[in-house]
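**Student:** Got a structure for you, written out below as structure tokens; questions coming shortly.
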Amino acid sequence: MKIIKNYLYNLIYQVFVLIVPLVTVPYISRVLGAYGVGINAYTNSVVSYFILFGNLGVLTYGNRTIAYSRDNKKATTLNFWEITLLRLITVSISVLAYLIFIAKTGDLKGAFIAQLPLLIASIFDISWFFMGMEEFDKTVIRNVLVKLVSLGLIFWLVKSKEDTIVYILILTVSQLVGNILLWPYLKKYLTKVQFKELNLIKHLLPAIQLFIPQIAIQVYVVVNKTMLGNIAGVSETGFFDNADKIVKILLAVVTATGVVMLPRMANEYVKGKMETVTQYLIYSINFANLIAFPLTFGLIGVAKEFSLLFFGEEFIGIESILMVLSLVIIAISWSNVIGQQFLLPLNKMTGYTGSVFFGAIINILLNLILIPKYSVMGAAIGATVAEFSVTFYQLVYVHKLIPVKLLFADLWKYMLSSAVMFFVVKLLGNYFTGVKALMIMTLVGGLVYSLLIVLLRPMIIQIIQEKAIMIIKKKS
13 MKIIKNYLYN LIYQVFVLIV PLVTVPYISR VLGAYGVGIN AYTNSVVSYF ILFGNLGVLT
73 YGNRTIAYSR DNKKATTLNF WEITLLRLIT VSISVLAYLI FIAKTGDLKG AFIAQLPLLI
133 ASIFDISWFF MGMEEFDKTV IRNVLVKLVS LGLIFWLVKS KEDTIVYILI LTVSQLVGNI
193 LLWPYLKKYL TKVQFKELNL IKHLLPAIQL FIPQIAIQVY VVVNKTMLGN IAGVSETGFF
253 DNADKIVKIL LAVVTATGVV MLPRMANEYV KGKMETVTQY LIYSINFANL IAFPLTFGLI
313 GVAKEFSLLF FGEEFIGIES ILMVLSLVII AISWSNVIGQ QFLLPLNKMT GYTGSVFFGA
373 IINILLNLIL IPKYSVMGAA IGATVAEFSV TFYQLVYVHK LIPVKLLFAD LWKYMLSSAV
433 MFFVVKLLGN YFTGVKALMI MTLVGGLVYS LLIVLLRPMI IQIIQEKAIM IIKKKS
């Protein structure tokens with residue numbers, strides 16, 4: 013039941029995260045324009061590298077370590093302070109390096125300074141601890157409050173293209189404040205320990221082992237924006253960033269299970285329950301497919317109507333980028349399950365590290381070839397191919413460890429239901445226009461998919477139906 017509870021907490025937050033950009037992105041796109049959006053995207057991609065080196069793989073490593081030790085309060089306390097102090101040192105070095113970088117930067121210096129609070133915020137980020145403890149309500153409540161405050165400030169203070177720096181500061185400072193707000197909750201979970209008991213060094217090598225794949229992950233998460241900004245210009249980065257935002261918003265609904273399942277998988281594995289781990293994995297991949305396929309096909313189906321209404325005339329042409337990037341939803345949903353929910357919890361670092369480096373290399377090579385010729389569309393193609401490369405590598409790696417055929421036994425049911433939904437949506441697009449078209453296409457498309465998937469009854473639908481019946485019987 014705790015898994016369901018934690019998933020619901022994450023789902024509620026992801027739905028909230030979905031709603032907020034639906035309000036802010038159209039406003040920001042029109043107020044700041046492609047250039048303003050691009051400045052934030054480009055400078056954020058640069059500061060992300062400094063955050064990456066400062067974190068040193070601690071977020072994932074800390075989550076897993078706390079999950080391993082959470083049944084022992086003293087061990088948990090020692091792990092928390094050791095990891096926190098280690099990261100304080102590494103982030104401080106990263107802050108110093110970033111300040112040197114800013115001092116030597118000629119263009120966009122103001123925007124880079126405005127991104128600094130985001131780097132400082134990583135010092136105070138202890139969300140990994142609560143994730144390892146499977147206490148997701150704390151982070152969800154914090155995140156919702158931060159989003160609401162930043163939402164209000166954006167509409168209050170950001171009024172023109174001259175307010176780009178103000179917009180960046182709202183995003184970065186709110187993240188810093190939000191991270192600090194989690195600290196008062198720690199008292200319940202920690203006990204007193206002596207400073208001399210702490211051993212920071214023991215975490216350094218394991219954290220670095222996770223840091224290596226994080227480098228590759230960061231490369232193909234933000235390298236598209238960095239390379240676009242350098243090769244094609246900041247405005248092109250704005251196009252890519254807006255399309256990427258929509259895809260990532262939808263993707264967050266699918267990958268919410270990964271955040272919940274990583275500590276659970278780690279805890280089951282350390283207890284030697286491999287059969288349970290495998291069963292959870294089968295459930296997770298089917299649940300991901302249940303959501304990922306209709307989101308992907310649906311987004312492709314409504315991309316034209318959605319883009320014009322959502323982004324405005326300055327972003328005409330973004331629908332093609334959105335269609336290509338939407339395929340990433342399927343690729344990342346699979347790699348999230350296999351990588352985050354299996355390879356990482358079971359400490360299969362060779363497979364995980366190899367997959368993300370493979371994807372990063374593919375992405376950089378394709379960007380170098382495609383961006384000069386096709387600009388933002390080249391970056392979209394490169395990102396999509398790279399994500400599928402990661403998934404392919406992971407599937408090859410795990411095929412001897414888990415029953416891959418069982419993972420995808422019901423794949424055709426999700427594909428068929430989504431394909432039929434897509435054709436219905438495109439047909440409706442010929443008869444309606446504007447907001448009315450988008451609403452009808454979304455509602456009818458969702459209804460068609462739901463009816464078909466219930467009729468085809470893949471395994472995950474059967475499980476959901478059984479759980480629902482059990483809950484109803486208990487209440488009656």
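In the numbering used here, each number is its position in the sequence shown, counted from 1, plus 12.
Idealized CB from N, CA, C, for every residue including glycine.
(1) For Gly313, is the classification buried or exposed, using 16 other Cβ atoms within 10 angstroms of its Cβ as the cut-off for buried?
(2) How long is the line joining the alpha carbons of Ser104 and Lys285, rounded to whole angstroms?
(3) Determine whether the beta carbon atoms of Thr222 and Leu356 lie at a separation below 9 angstroms.
(4) Can you tell me whether His411 is helix, strand or coil according to DSSP?
(5) At which residue ranges does the stretch 58–128 contain complete alpha helix (DSSP H) runs of 4 or more residues, listed in the order of the chain?
(6) Are the CB atoms of Gly48 and Thr176 within a distance shorter than 9 angstroms?
(7) Measure the C-alpha to C-alpha separation of Ala228 and Leu64 and round it to an integer number of angstroms.
(8) I'd like the ranges of any beta strand (DSSP E) spanning at least 3 consecutive residues and lying wholly in the stretch 227–267.
(9) Check whether the stretch 428–442 and the stretch 453–465 touch, using three or more Cβ-Cβ pairs below 8 angstroms as the test.
(10) Assess, as a yes-or-no matter, whether the stretch 78–89 is touched by the stretch 184–193 under the definition of 3 or more beta carbon pairs within less than 8 angstroms.
(11) Rank Lys121, Leu380 and Trp168 by C-alpha distance to the C-alpha of Val43 and give the top, closest one.
(12) Taking the alpha-carbon of Ser106 as reference, which of Val59, Ile303, Asp137 and Lys85 has the nearest alpha-carbon?
(13) Just to confirm my understanding: we take Glu331, look at its own chain, exclude 5 residues before and 5 after, and list those with CB closer than 6 angstroms. What are they?
(14) Do Thr237 and Ala480 have their C-beta atoms closer together than 9 angstroms?
(15) Between the stretch 119–129 and the stretch 88–97, do three or more beta carbon pairs fall short of 8 angstroms?
(16) Should Asn375 and Ala398 be called a contact, given that it needs their Cβ atoms to be closer than 9 angstroms?
(17) Is DSSP giving Thr55 helix, strand or coil here?
(18) Can you confirm whether the stretch 108–122 touches the stretch 135–143 when touching is taken to mean that 3 or more C-beta pairs between the two stretches lie within less than 8 angstroms?
(19) With a Cβ-Cβ cutoff of 9 angstroms, do Ser162 and Ser186 count as a contact?
(20) Relative to the C-alpha of Ile303, which residue among Ser345, Val289, Lys159 and Lys283 is closest?
**Tutor:** For this structure:
(1) With 16 or more Cβ atoms within 10 Å of its Cβ, Gly313 is classed as buried.
(2) Rounded to the nearest whole angstrom, the CA to CA distance from Ser104 to Lys285 is 40 angstroms.
(3) Reading the sequence as shown, one finds Leu at residue 222 and not Thr. Cβ atoms of Leu222 and Leu356: closer than 9 angstroms.
(4) In the structure shown, His411 sits in coil (DSSP, three-state: anything other than H, G, I, E or B).
(5) Whole alpha helix (DSSP H) segments, 4+ residues: 70–81, 85–115 and 121–126.
(6) Remark: C-beta atoms of Thr176 and Gly48 approach each other more closely than 9 angstroms.
(7) Straight-line Cα distance between these residues: approximately 10 angstroms.
(8) If we require 3 residues or more, the stretch 227–267 turns out to have no beta strand (DSSP E) run fully inside it.
(9) Short answer: they touch.
(10) With a cut-off of 8 angstroms, the stretch 78–89 and the stretch 184–193 do not count as touching, because too few Cβ pairs lie within range.
(11) Nearest C-alpha to Val43: Trp168.
(12) With distances taken between Cα atoms, Ser106 lies closest to Val59.
(13) Result list for Glu331: Ala315, Lys316 and Ser319, in chain order.
(14) Per the sequence presented here, residue 237 reads as Lys, with Thr not at that position. Not in contact: Lys237 and Ala480 (Cβ atoms no closer than 9 angstroms).
(15) Judged by Cβ distances under 8 angstroms, the stretch 119–129 makes no contact with the stretch 88–97, as fewer than three pairs qualify.
(16) Contact flag set, yes.
(17) In this structure, Thr55 counts as helix in the three-state DSSP scheme.
(18) Result no; under three Cβ-Cβ pairs closer than 8 angstroms.
(19) The Cβ-Cβ distance between Ser162 and Ser186 falls below 9 angstroms.
(20) Here the closest residue by C-alpha is Ser345.
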